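Read top to bottom, the protein sequences are chains A and B. According to this note's numbering, the first sequence holds residues 1 to 339 in order. According to this note's numbering, the second sequence holds residues 340 to 678 in order.
Number of protein chains: 2
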Amino acid sequence: MRKLLLAAALLSLTAGGASAGTYSLQSAFGKNLPILGPAADRFAAEVDTLTGGKIAFKHYGAGELSPPFEILDNVGAGAIDAGWSYAGYAAGKAPAAALFGSIPFGPDAIKYVSWVLHGGGLQLWREIYAPFNVVPMPCGVIISEAGGWYTKEIKSPEDLKGLKIRIGGLGGKVLSKLGANPMSLPAGEISTSLETGRLDATELSFPMIDRLLGLDKVAKHYYFPGWHQPSGFIELYVNKDKWNGWSDAERTAVETVCSDIDLWTIGTAVAGQQEALDAFRADGVTVERFPDSVIEALRKATAEVYAENEAADPMFRKVLESYRAFSKAYDQYQALNRL
Amino acid sequence: MRKLLLAAALLSLTAGGASAGTYSLQSAFGKNLPILGPAADRFAAEVDTLTGGKIAFKHYGAGELSPPFEILDNVGAGAIDAGWSYAGYAAGKAPAAALFGSIPFGPDAIKYVSWVLHGGGLQLWREIYAPFNVVPMPCGVIISEAGGWYTKEIKSPEDLKGLKIRIGGLGGKVLSKLGANPMSLPAGEISTSLETGRLDATELSFPMIDRLLGLDKVAKHYYFPGWHQPSGFIELYVNKDKWNGWSDAERTAVETVCSDIDLWTIGTAVAGQQEALDAFRADGVTVERFPDSVIEALRKATAEVYAENEAADPMFRKVLESYRAFSKAYDQYQALNRL
């Protein structure tokens, strides 16, 4: 760990920390990914404009200064100024962080943003991250992902038994309950693994991004809904000492721009999926929903995973209780207004 | 008209236009209204912070410098710098503007924002307002309204016949098709009119705001969904010459803050309705959905009203076609991902 931090610090000095007011922003995502890459560029440009160049973020693509899972520690230590990541990656260090990456069978994008910004979620998120010496906030929204790519048709919950599926986090725990074997695997190995039978299925992202990996060539069943991630956040976290050193106006600029990025990411993504789906269909892929029996089995297993996590971790329970209270009021009004 | 403009100009000079960099913002809404009032204050404060005081809006409540329906003309003439209003109020001058206030049986909040900011809606909105010498943008979102207060139970579409209902715009035209009599009436007269039988029903806003008028004392049936306004925008428009005189950074500040206000208004409103609904129920009000037969009759009548407006006004057709194209792709992905 010390070695990594040192390496990151050296890289930061040579690559990005040259002038006062220039801050390194290490992304967990590739710069070339649709939406995720441009969102970071848009963020940096708008903050630059609004602060008159006083806060100029330099956007580093995946792995340039730090591997994705080490960004949190590196930003906390001050070797990197800010991170652009996915809160699920911090779940190994703080289980409740997973709930700020996505909530399986949880909120859609707007309910998620509303709970975090208005229902007390952000305060809990900051409480979870405080020991890491960083200040987090939502700064981009990932709309509902796909449920996953399968090489075999799934007709009932029994068909999940024994399947080797690339999926992590809470979603992986849920699939275990139904007898599947969740596995970790770098994105670059997915395609070959599906072809050789090392994998039977994989979860990745939404269609626009899944398309980049050419999974339609090696798996012909593309299932929805993305029950494990009905929506997700891109998180921005800033080294706490840097954050506290900024003026009110500078912090307001960052937070206001993040609101813009939240809307921008949702809006860019919602209609952009259709073209990818059409391309998959043209390539012989079946694009469809899981059978209701599968969705219900997943929902039941998700409730079991939540109960276990709540029993094991008070913070996990506290976050989930906050979300559920917000959700209840929200759902009642939505039900009255459904068209 | 000329008299009004002059009066407004004088008021503006004495009240708000004293120092360079101070701009008058005339709201169409009362400063005391929940969400609508505070949103304008939040907007002004954030723009002030982000521009280092270079753009300081002074927020005037309903009627202080101009009556609501005259704000557009007054801002265009430069007597007032900016307006904070509802695009439906401009429909008398430009019918297609109604579609930027709300789209009956149309989008929920996030679909509406996404279409406007990413699907070409904003360009059309600016095209419609260009002859008025103002630059409009969404700057606040109104989540789904209530369907309305009724003194009588509505069991079938036939029960709407002959009812005197306070409702304007496209919603009023739709109710006419079903034999109701839509009427205009100032908000202050609604309660008494319902009590005396001059009115049988009224539409106003969502529960948090409806509560201020005490309608639960005089009408015991509160119906949903708000089919006439599944979501709506608060619009900000700025005098075009003023807008063009600002720097890129200043315009970016205003637009970025409007994104923040869009999210803030949605988030503040979504869970806040529950308390008002509970209070109504405690007061003996029946809170429920219209019967399906009524919703379907309204949907059919809405399609007829759209067809008539599209035939009469090419811009109305152009806007609706843009929305429908966006909607189609959006709905397909939503259907795949429904939980």
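Here a beta-carbon is modelled for each residue, glycine too, at the ideal position from N, C-alpha and C. Bear in mind the structure is a predicted one, so any value in this text is a computation, not a measurement.
Backbone CA spacing between residue i and residue j [nearest angstrom]
{"i": "A87/A", "j": "A325/A", "result": "22 Å"}
{"i": "L215/A", "j": "E64/A", "result": "26 Å"}
{"i": "R126/A", "j": "K54/A", "result": "25 Å"}
{"i": "A348/B", "j": "K667/B", "result": "Residue placement at A348/B is flagged as unreliable, the pLDDT there being 46, under the threshold of 50; the coordinate-derived value follows with that caveat. Between A348/B and K667/B, the C-alpha separation is close to 46 Å."}
{"i": "A485/B", "j": "L185/A", "result": "49 Å"}
{"i": "D549/B", "j": "L543/B", "result": "6 Å"}
{"i": "L13/A", "j": "C258/A", "result": "Confidence at L13/A is low in this model, with a pLDDT of 43, below 50, so the placement of that residue is unreliable and no value is reported for it."}
{"i": "Y333/A", "j": "V609/B", "result": "8 Å"}
{"i": "G83/A", "j": "K93/A", "result": "16 Å"}
{"i": "M476/B", "j": "E308/A", "result": "47 Å"}
{"i": "L99/A", "j": "L199/A", "result": "27 Å"}
{"i": "L637/B", "j": "E296/A", "result": "34 Å"}
{"i": "L411/B", "j": "I467/B", "result": "12 Å"}
{"i": "G30/A", "j": "T151/A", "result": "27 Å"}
{"i": "L678/B", "j": "G507/B", "result": "36 Å"}
{"i": "F471/B", "j": "G360/B", "result": "23 Å"}
{"i": "T252/A", "j": "V135/A", "result": "14 Å"}
{"i": "P95/A", "j": "V174/A", "result": "15 Å"}
{"i": "P496/B", "j": "G511/B", "result": "15 Å"}
{"i": "K516/B", "j": "G501/B", "result": "11 Å"}
{"i": "I605/B", "j": "I80/A", "result": "34 Å"}
{"i": "G120/A", "j": "T531/B", "result": "40 Å"}
{"i": "L124/A", "j": "G415/B", "result": "46 Å"}
{"i": "D331/A", "j": "G417/B", "result": "44 Å"}
{"i": "E304/A", "j": "R317/A", "result": "13 Å"}
{"i": "N244/A", "j": "L263/A", "result": "26 Å"}
{"i": "N676/B", "j": "R281/A", "result": "17 Å"}
{"i": "P34/A", "j": "A187/A", "result": "16 Å"}
{"i": "T268/A", "j": "H457/B", "result": "6 Å"}
{"i": "K240/A", "j": "S27/A", "result": "18 Å"}
{"i": "S293/A", "j": "I110/A", "result": "27 Å"}
{"i": "A395/B", "j": "M654/B", "result": "35 Å"}
{"i": "Q274/A", "j": "I261/A", "result": "22 Å"}
{"i": "W149/A", "j": "A201/A", "result": "5 Å"}
{"i": "M522/B", "j": "R505/B", "result": "5 Å"}
{"i": "L552/B", "j": "E594/B", "result": "33 Å"}
{"i": "D498/B", "j": "E492/B", "result": "8 Å"}
{"i": "L194/A", "j": "W227/A", "result": "22 Å"}
{"i": "G611/B", "j": "F545/B", "result": "10 Å"}
Nearest residue (CA-CA) to residue i, options the options
{"i": "Y662/B", "options": "G508/B, Y399/B and S453/B", "result": "S453/B"}
{"i": "S247/A", "options": "L336/A, T51/A and T22/A", "result": "T51/A"}
{"i": "E321/A", "options": "Y306/A, A335/A and G267/A", "result": "Y306/A"}
{"i": "I482/B", "options": "R590/B, D498/B, G445/B and Y468/B", "result": "G445/B"}
{"i": "V141/A", "options": "D81/A, V294/A, M183/A and V116/A", "result": "V116/A"}
{"i": "Q353/A", "options": "P104/A, C139/A and L336/A", "result": "With chain A running from 1 to 339 in the structure shown, residue 353/A is simply not present."}
{"i": "P377/B", "options": "W582/B, D387/B and H398/B", "result": "H398/B"}
{"i": "A355/A", "options": "K164/A, T202/A and L213/A", "result": "With chain A represented from 1 up to 339, any question about residue 355/A goes unanswered, as that position is not in the structure."}
{"i": "P407/B", "options": "G440/B, Y428/B and F396/B", "result": "Y428/B"}
{"i": "A674/B", "options": "G172/A, M183/A and D108/A", "result": "D108/A"}
{"i": "D652/B", "options": "T388/B, K450/B and A436/B", "result": "A436/B"}
{"i": "S570/B", "options": "S441/B, L551/B, E614/B and V593/B", "result": "S441/B"}
{"i": "S394/A", "options": "N32/A, T49/A, S66/A and K217/A", "result": "Nothing can be reported for residue 394/A: it is not among the residues displayed for chain A, which extend from 1 to 339."}
{"i": "L36/A", "options": "M208/A, A301/A and L122/A", "result": "M208/A"}
{"i": "V218/A", "options": "N74/A, I190/A and F206/A", "result": "I190/A"}
Counterpart residues of residue i in DSSP-defined beta bridges
{"i": "A664/B", "result": "In the DSSP output, where bridge partners are listed per residue, A664/B has none listed."}
{"i": "V474/B", "result": "V577/B"}
{"i": "E627/B", "result": "Y562/B"}
{"i": "W149/A", "result": "T202/A and Y222/A"}
{"i": "G571/B", "result": "S441/B and I481/B"}
{"i": "P182/A", "result": "I165/A"}
{"i": "T256/A", "result": "Beta-bridge pairing links T256/A to no other residue."}
{"i": "A426/B", "result": "DSSP, once it has assigned bridges, lists no residue as partnering A426/B."}
{"i": "T361/B", "result": "A395/B"}
{"i": "A82/A", "result": "L25/A and V238/A"}
Cβ-heavy atom distance, residue i to the ligand GDP, below 8 Å
{"i": "A98/A", "result": "Absent from the structure shown: the ligand GDP. Ligands present: none."}
Item to check | Meets three-Cβ-pair contact criterion under 8 Å: the region 627-635 of chain B and the region 556-568 of chain B | outcome: As far as the Cβ criterion goes, the region 627-635 of chain B touches the region 556-568 of chain B, which means the pair count is three or higher.
Item to check | Segments assigned alpha helix (DSSP H), at least 4 residues, entirely inside the region 24-63 of chain A | outcome: The qualifying runs are 36-50.
Next on the checklist: Between the region 37-51 of chain A and the region 233-253 of chain A, can you find at least three pairs of beta-carbon atoms closer than 8 Å?
Outcome noted: Three or more Cβ pairs closer than 8 Å define a contact, and the region 233-253 of chain A meets that threshold against the region 37-51 of chain A.
Checklist entry - Where are the beta strand (DSSP E) runs, 3 residues long or more, that stay fully inside the region 611-655 of chain B, in chain order? => result If we require 3 residues or more, the beta strand (DSSP E) runs fully inside the region 611-655 of chain B come out as 625-628.
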